[in-house]
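Undergrad: Residue numbers (this note's numbering): 1 to 179. Take this structure first; my questions come after.
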């Protein structure tokens with residue numbers, strides 16, 4: 001059958017295989033609401049902290065930062081999501097709601113071996129939808145300059161850089177989005 005499409009068609013098909021593979025892998029992602037104190041959520045958060053420690057000069061200690069405790073991301077106070085691929089937790093993100101605006105996006109992370117599948121974009125979109133359902137019209141997020149992938153994602157989905165809105169010692173960039 002492949003011989004019938006000719007050499008040019010075969011080359012085009014071969015060139016498309018990485019895209020096909022990525023799209024098939026992305027279709028295997030299942031995003032679920034979980035208790036942020038659950039084992040899967042805690043494994044993701046531990047991996048998030050380990051990555052920040054590895055990438056940040058001087059390390060990262062969440063105990064010294066703005067609070068993002070599990071009880072703050074349980075409905076109705078918030079929401080925590082974990083992304084799964086073949087049953088393995090490969091990403092997470094949470095949102096903290098306040099009376100009025102803004103809702104705060106927290107703990108966005110995707111495992112290195114699962115990046116490029118649109119997981120962070122999907123997690124963020126679902127967290128934003130939950131913020132809107134809870135009455136927020138603005139979402140905020142802060143991040144480190146070392147997390148250039150996160151900065152690019154936030155900008156690509158409409159977040160704009162704003163003046164610091166909290167005293168997060170590990171943040172270099174503060175973002176806001178009108179929902």
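Here a beta-carbon is modelled for each residue, glycine too, at the ideal position from N, C-alpha and C.
Looking at C-alpha atoms only, which residue of 36, 106 and 124 is the closest neighbour of residue 158?
TA: Checking every option, the nearest Cα to that of residue 158 belongs to 124.
Undergrad: Inspect the beta-carbon positions of residue 106 and residue 77 and report whether they are closer than 8 Å.
TA: For residue 106 and residue 77, no; Cβs fall outside 8 Å.
Undergrad: Consult DSSP for residue 97 and reduce its assignment to one of helix, strand or coil.
TA: Note: residue 97 maps to strand in three-state DSSP.
Undergrad: Applying the 10 Å Cβ sphere with the 16-neighbour rule, what's the burial state of residue 149?
TA: Exposed: under 16 other Cβ atoms inside 10 Å.
Undergrad: Tell me, please, which residues DSSP counts as bridged to residue 91.
TA: The partner list for residue 91 (beta bridge, DSSP) reads 83 and 110.
Undergrad: What are the boundary residues of the beta strand (DSSP E) that includes residue 148?
TA: Per DSSP, residue 148 belongs to no beta strand (DSSP E); it is in the alpha helix (DSSP H), 148–156.
Undergrad: Which one of 7, 75, 49 and 55 has the shortest CA to CA distance from residue 64?
TA: The shortest Cα separation from residue 64 among 7, 75, 49 and 55 belongs to 49.
Undergrad: Could you give the first and the last residue of the continuous beta strand (DSSP E) run that contains residue 129?
TA: Here residue 129 belongs to no beta strand (DSSP E); instead the alpha helix (DSSP H) covers 119–133.
Undergrad: Please name the residue in 70, 145, 108 and 113 whose C-alpha comes closest to that of residue 128.
TA: Among 70, 145, 108 and 113, the Cα nearest to that of residue 128 belongs to 108.
Undergrad: Use the C-beta contact count for residue 88: other C-beta atoms within 10 angstroms, 16 or more gives buried, fewer gives exposed.
TA: When all chains shown are included, residue 88 counts as exposed.
Undergrad: Given that a residue counts as buried once 16 or more other Cβ atoms are within 10 Å of its Cβ, and exposed if not, what is residue 169?
TA: Residue 169 is exposed by the Cβ-count criterion.
Undergrad: Between 178, 119, 102 and 134, which lies nearest to residue 165 when the distance is taken from Cα to Cα?
TA: The shortest C-alpha separation from residue 165 is found at 102.
Undergrad: Which residue from 71, 7, 80 and 176 puts its Cα closest to that of residue 143?
TA: Comparing Cα-Cα distances from residue 143 to each of 71, 7, 80 and 176, the minimum goes to 176.
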